[in-house]
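In order, the protein sequences belong to chains A and B. -17 is the number of the first residue of the first sequence in this note's numbering; add one for each residue after it. 944 is the number of the first residue of the second sequence in this note's numbering; add one for each residue after it.
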Amino acid sequence: MGRFWSLLFLLVPILGAGLFVVAALPNSAPLYDHWFPEDVSRDGFIIDNLFNFILYLTGVIFIATGFLLFWFLWKYDAAKNTEPVKFIHGSHTLEIIWSILPAVTLLFIAIYQMDAWAAAKMRRPVISAGADGVEGTSDDQLKPPLVEITGRQFEWRLRYAGADQKIGTPDDVHGVNELHIPVDEDIVVTLKGEDVLHSFFLPNLRLKQDIVPGMKQFIWFRATRTGAYDIVCAELCGWGHYKMRGRLVIESREDFDRWLQAERDEQNRVQYSPSETDE
Amino acid sequence: MSKMFFSWNQRSVLLLVALVAGMSLGCSPPVVEFRPAAGYKLAREAELEVQLGAKQEENIATILDSLFGTPDKPHVPQVAEVDMGQLMNQTAIEMAAGAVAVDEDGRPHGLYRQHCAHCHGITGDGMGPTAEFLNPYPRDYRMGKFKFKSTTTNARPTDDDLHRLLKHGVPGTAMPSFRVLPQGQKDSLVQYVIYLSMRGELERLLIGELLGAGELGIEGPEEVLLTLADKNTAEFQERSAWVQEKMTSIASSWLQAQSEEVPPPPENWGSAESRQLGRDLFYGTRGGCVKCHGNIALGDGDNTFDLKTPLVDDWTKENWPKKLGEAGLLEREAVGILAERPLRPRNLRQGVYRGGRRPVDIYWRIRYGISGTPMPAAKELKSDEIWYLLDYVRSLPYESISQPHEQLRNLKRERL
C-alpha cells in the first residue's frame, strides 16, 4: 500500500476544489448551474461578496492544507524511510504564528462584515430624518412595515397594512403564501412566528431571518427586478417543513396597487349569486 | 485477541453484505391499500347487534375495487345515467394517485400522497400517520360531509369550495395553503378528494346493507352481496342495479352541489347601529350564539362545560358512541381510531376564520351552519339579521379587550 494512501489524500483538495469549479461554471454537468440563484436585490451583492471572500480565503487554506498533508504523507512514508524517528519538544515561535494568524484573520472578518450587518439589522429605512435632519438618530421617522408575515406550521400568513399604514386594524388585507411587493422601493416587513422556529428566506434577495415565536422582528430590502421568485423556510420546523414554500411576486407600483385593491375587494365581498364562479 | 471470530477481510465482506441487504430491503415500496371503514363497521355492528362476516368484508373490498380500483391503479367509476366526466377524469385521478414520481413528460404523479396522505390517509379517512398530533383532526372524507362550503347544510361542497380551501388553507388548523401549486395539480387533488369521498360513501352503504339493515334483505354473516359466480341470476341483476342506483345518487349529490346566493347587506350595514343589532342577536335567544361561543365570545359558552353531552362532531360521535364498554374501547384502539376529543367553539376575538374571512363566507357559515358539527344553521334568522350578526362578529377582534397586548402597551405609555 504505502504511498497509495498519500495519493488518496491528494484527491481531497483536488476533488474538493473541482466540485466548486464545476458548480460555478455555467451549464456544467452534473451540477447544472448549482451556484447562486439570480440576485434581484439592491444590496444582495454585499452578502455575495462576503460569501465569496470567505469562500476564497477558506478555499486557499483548504487546498494548501490538503497538499501539505499529502506532502508529509508522501515524504515520510514508513516504507521508504528507514531512519529512526526524531522527537522534538516543539517550537514556541511556530505556535505563536499559528495562533496569531487565525486570530487576526477572524478579527478581520468580524470587522469587515460589520457594515453589512448594520445595514441589514440596524439601519431600517426612514421616511424622514426628523427634526434634527440627521439620519440614524432617535427622532427618525422609520418607514412603517408594508406587510406582516407570520410563519406557522406550515405556511406564511400575510397581513398587509391598509390605508392607515397600520397592521392589526380592520382595513388590513389578509393573504397566504403569495407575497407581492413593489419594485425599486424600500420594503419593510414585520416577521412573527406562531408556533415553532421558522426561517424566512428569500434566496433571490439574499435575505434570511430566523423567526422566533413571541418575537417581533423587522427586515427590509429593495428589489430591483420584476418577476416571481421563491419564498422558502430555512429552518427545519416540523414534518411539513417542505410545505412552507411561497411565491414572491415583484411588480411595478401600479400593478401592486391594483393587485392589493383586488385582494381588498375580494376580501370585502358581500354579494354572491350562483351564476358566478369564485375561488 | 489473535483468535478473532472473523478476520478483518471477512468483516468487511460481511459489512458489505449487510449494507447491500439493508439498502435493497429498505427500498422495496410497501404495498399500499385502502383501509376498510373500521369505525363505521364497529358502530353499526353495535347498533344492529350483528357481526360482519369475513367473507362479507372481502366482498365489500372486491366490489369497491372493481368500481374504483386501488390506490396505485384507480379508475373513475362507471355510473349509470351520470356523466362522470363532469366530476373527474382518469388523467387527473392518476396524477393525484399512486406513488410520488415524475413521468417521462415531466408531469408529477402521486400528488395526494405527497401533499395530503400523511394527514388525511391513503383512504381519505383522516387517519394518516400525522393525524393524531393535530387538533382539530384532519377531515375524513368518507361521510361526504365537508365543513366549509357555500352550499346548504347537508349538500356537498362545490368544486370552487374545495379549490378555495386548497388555495387559502384552513387558518387556525393544520391544513396549510397550497396556493403555489399549479392549477392543474390542484384540480387533480380536488377530483381525487371527490373520488375518495364517493368511494367512502359507497363503502358505508355496503356495510349497512351487508349487516342486514338495508333494502336487499341480506341474511346472516355468510351471505355476500355480489359474486361473479351468480352472474346470470336475477338476484345478481337486482343487486348490481342497487349498487348502481346508490352510485348514481352519490354522484348526483356531488353534481348538484351549487353555491347558495348571498343577498346584499341592508343599507345600514357596517354602521354602529348594525353592530348593535347584531350584538342583540348574539346575546338574544333567537341568535343563541352565547350558548357555545360564550359571554364574551371566547368560545367558552355554557355548552362547553356540559360534561354529560360534550360538544363533539359527527365523526367523533360515530367512532365513540356514548355507552362504550372496555371491550369497545379496546376494539377501537386496535383499529387505530383517533382518541375522542371535545370540540372547542370558535374564539371569535382572534380574527381567525377557518372557512374564509370574506363577509359572504361568514354569511354562509351562519346561514347554513357547519356540516357535521354542533354549529347549527340559522334557519330562524332573516338575511338582514344574519348580516347584522356577522357585522358584530367581524368587529369583535378589533375591540380593545381583544388585543390585551396593545392595551398593556398603551397603559405603559400613559404611566410614563
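Glycine residues also receive a C-beta, built at the ideal position from the N, C-alpha and C atoms.
Check your understanding: Does any CB atom of chain B fall closer than 7 Å to the CB of residue 174 (chain A)?
Key -> Contact of residue 174 (chain A) with chain B is not assigned, every C-beta pair being separated by 7 Å or more.
Review point. Which runs of the alpha helix (DSSP H), 4 residues or longer, sit entirely within the region 1018 to 1057 of chain B?
Key: 1033 to 1039
Exercise for review: Go to residue 1280 (chain B), then tell me how far its alpha helix (DSSP H) extends in each direction, as first and last residue.
Suggested key: It is not in any alpha helix (DSSP H) - residue 1280 (chain B) carries neither H nor E in the DSSP assignment.
Point to revise | Chain-ordered neighbours of residue 1201 (chain B) on chain A, where CB pairs are closer than 8 Å | key: 256
Point to revise | Which of helix, strand or coil DSSP assigns to residue 1166 (chain B) | key: Three-state DSSP puts residue 1166 (chain B) in coil, outside helix and strand.
Exercise for review: Would you mind working out which of B:1152, B:1250 and B:1251 sits nearest residue 1002 (chain B), comparing C-alpha positions?
Suggested key: Checking every option, the nearest Cα to that of residue 1002 (chain B) belongs to B:1152.
Review point. What span of residues does the beta strand (DSSP E) with residue 180 (chain A) cover, start to end?
Key: 180 to 184
Check your understanding: For residue 142 (chain A), which of helix, strand or coil comes out of DSSP?
Key -> strand
Practice item. Would you mind stating whether residue 137 (chain A) and residue 1072 (chain B) have Cβ atoms separated by less than 7 Å? Key: no
Review point. Closest by CA to residue 94 (chain A), which one among A:70, A:31, A:211 and A:195?
Key: A:31
Check your understanding: For residue 110 (chain A), does the three-state DSSP call read helix, strand or coil?
Key -> strand
Practice item. Tell me whether residue 204 (chain A) sits in a helix, a strand or coil according to DSSP, three-state version. Key: Strand, per DSSP.
Check your understanding: Between residue 1283 (chain B) and residue 1254 (chain B), what straight-line distance do the alpha-carbon atoms span, to the nearest angstrom?
Key -> 11 Å
Practice item. Output the distance between the C-alpha atoms of residue 48 (chain A) and residue -10 (chain A), rounded to the nearest integer angstrom. Key: 11 Å
Check your understanding: Taking Cβ positions, are residue 1015 (chain B) and residue 1053 (chain B) nearer each other than 7 Å?
Key -> no
**Study point:** Per-residue DSSP class, three states only, for residue 164 (chain A)
**Key:** strand
Review point. When the Cα atoms are used, what is the spatial distance from residue 130 (chain A) to residue 122 (chain A)?
Key: 21 Å
Check your understanding: Thinking C-beta only, is residue 165 (chain A) closer than 7 Å to residue 205 (chain A)?
Key -> When the beta-carbon positions are compared, residue 205 (chain A) and residue 165 (chain A) come within less than 7 Å of each other.
Exercise for review: Please report the residue range of the alpha helix (DSSP H) in which residue 42 (chain A) lies.
Suggested key: 26 to 57
**Study point:** Partner residues on chain B for residue 151 (chain A), Cβ-Cβ distance less than 8 Å
**Key:** 1341
Exercise for review: For residue -4 (chain A), I'd like the list of residues in its chain whose CB is within less than 7 Å of its CB, leaving aside the five on either flank, ordered along the chain.
Suggested key: none
Review point. At a Cβ threshold of 7 Å, is residue 261 (chain A) touching chain B?
Key: No answer about residue 261 (chain A) holds up, because its pLDDT of 48 lies below 50 and its placement is not dependable.
Review point. Starting from residue 1098 (chain B) and walking both ways along the alpha helix (DSSP H), at which residues does that stretch end?
Key: Premise fails: residue 1098 (chain B) is in no alpha helix (DSSP H) and is neither H nor E.
Point to revise | Within the region -16 to 23 of chain A, ranges of the alpha helix (DSSP H) (whole runs, at least 4 residues) | key: -15 to 6
Review point. Quick one: does residue 1051 (chain B) have its CB under 7 Å from some CB of chain A?
Key: For residue 1051 (chain B), the answer is no, since every Cβ of chain A falls outside 7 Å of its Cβ.
Review point. Can you name the residues of chain B whose CB is closer than 9 Å to the CB of residue 250 (chain A)?
Key: 1301 and 1302
Review point. Helix or strand or just coil, what does DSSP make of residue 156 (chain A)?
Key: strand
**Study point:** Start and end residues, alpha helix (DSSP H) containing residue 1126 (chain B)
**Key:** 1126 to 1151
Review point. Which first and last residues belong to the beta strand (DSSP E) in which residue 1297 (chain B) is found?
Key: Residue 1297 (chain B) -> no beta strand (DSSP E), and no H or E assigned at all.
Check your understanding: Among residues of its own chain, excluding the 5 on either side of residue 1287 (chain B), which ones have a beta-carbon nearer than 6 Å to its beta-carbon?
Key -> Same-chain partners within the cutoff: 1242.
**Study point:** Proximal residues, the region 113 to 136 of chain A versus chain B, C-beta separation under 8 Å
**Key:** 135 and 136
Review point. Among the residues of its own chain, which have a CB less than 8 Å from the CB of residue 172 (chain A), if the five just before and after it don't count?
Key: 127, 129, 130, 131, 149, 198, 199 and 200
Check your understanding: With DSSP run on the structure shown, which of helix, strand or coil describes residue 192 (chain A)?
Key -> If DSSP states are grouped into helix, strand and coil, residue 192 (chain A) belongs with the strands.
Check your understanding: Which residues in chain D sit within 9 Å of residue 196 (chain A), going by Cβ to Cβ distance?
Key -> Chain labels in this structure do not include chain D; the protein chains are A and B.
Review point. Less than 7 Å separating the beta-carbons of residue 134 (chain A) and residue 1123 (chain B)?
Key: no
Check your understanding: What span of residues does the alpha helix (DSSP H) with residue 247 (chain A) cover, start to end?
Key -> From DSSP, the alpha helix (DSSP H) with residue 247 (chain A) extends over 235 to 249.
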